[in-house]
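Trainee: Pasting a structure here, questions to come.
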Amino acid sequence: MDLKKIYNNRNEIINGHINELKTMAGLASKTEKNIFTLRENICNECPIKVNNSCDAGRWIHPKTLDVVTTSIDGYIRGCGCRLSAKQKSKDSLCPAGFWGGEF
Ligand code: SF4
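For the sequence shown, the numbering used here assigns the number 10 to the initial residue and increments by one for each residue that follows.
Here it is as structure tokens:
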């Protein structure tokens, strides 16, 4: 993730890391935890997830789930984010539209 992207997304990133800590400390509400878990489960099935990241070196077609390694019309690039924090940022969206907008 480049510095400009980090700056533009700083509130989402900060919110995600705070909520990750709240979840680890048992302070997140049951509804929040359920949504965070659902997001985690979706990412775990996603073919462009690599370890704990949404791979910015891959593009996914949101309907066919086909994956390519170069930019093609209709394919969405991985965001490069650290997923365990992003999934816990209430305002964050999956770049391919698989989750987000629940809150
Ligand atoms: S954020 Fe979306 S595109 Fe990225 S790994 Fe998760 S489900 Fe896949």
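Here a beta-carbon is modelled for each residue, glycine too, at the ideal position from N, C-alpha and C.
If you're wondering where the values come from, they're calculated on a predicted model, not measured in any experiment.
1) Quick check on this structure: which residue in Lys58, Thr32, Pro56 has the alpha carbon closest to the alpha carbon of Thr46?
2) Using a Cβ-Cβ cutoff of less than 6 Å, which residues in the same chain neighbour Cys52 once the five nearest sequence positions on both sides are dropped?
3) Reducing DSSP to helix, strand and coil, say where Ile85 ends up.
4) Okay, do the segment 97 to 108 and the segment 16 to 23 touch, 3+ Cβ pairs below 8 Å being the bar?
5) State the Cα-Cα distance for the pair Glu41 and Leu74, rounded to the nearest angstrom.
6) Taking Pro56 as the reference, which of Gly106, Arg48, Tyr16, Ile69 has the closest Cα?
7) Applying the 10 Å Cβ sphere with the 16-neighbour rule, what's the burial state of Ser38?
8) Is Met94 near the ligand SF4 - that is, is its Cβ less than 8 Å away from at least one heavy atom of it?
9) Roughly how far, in whole angstroms, is the beta-carbon of Glu141 from the beta-carbon of Gln96, given that I think they are within contact range, below 8 Å?
Mentor: The answer reads as follows:
1) Thr32
2) Lys58, Leu92
3) strand
4) yes
5) 27 Å
6) Ile69
7) exposed
8) Note that residue 94 is Ala in the sequence shown, not Met. Ala94: no, Cβ never under 8 Å from the ligand SF4.
9) It is not possible to answer for residue 141, since the shown part of the chain is limited to 10 through 112.
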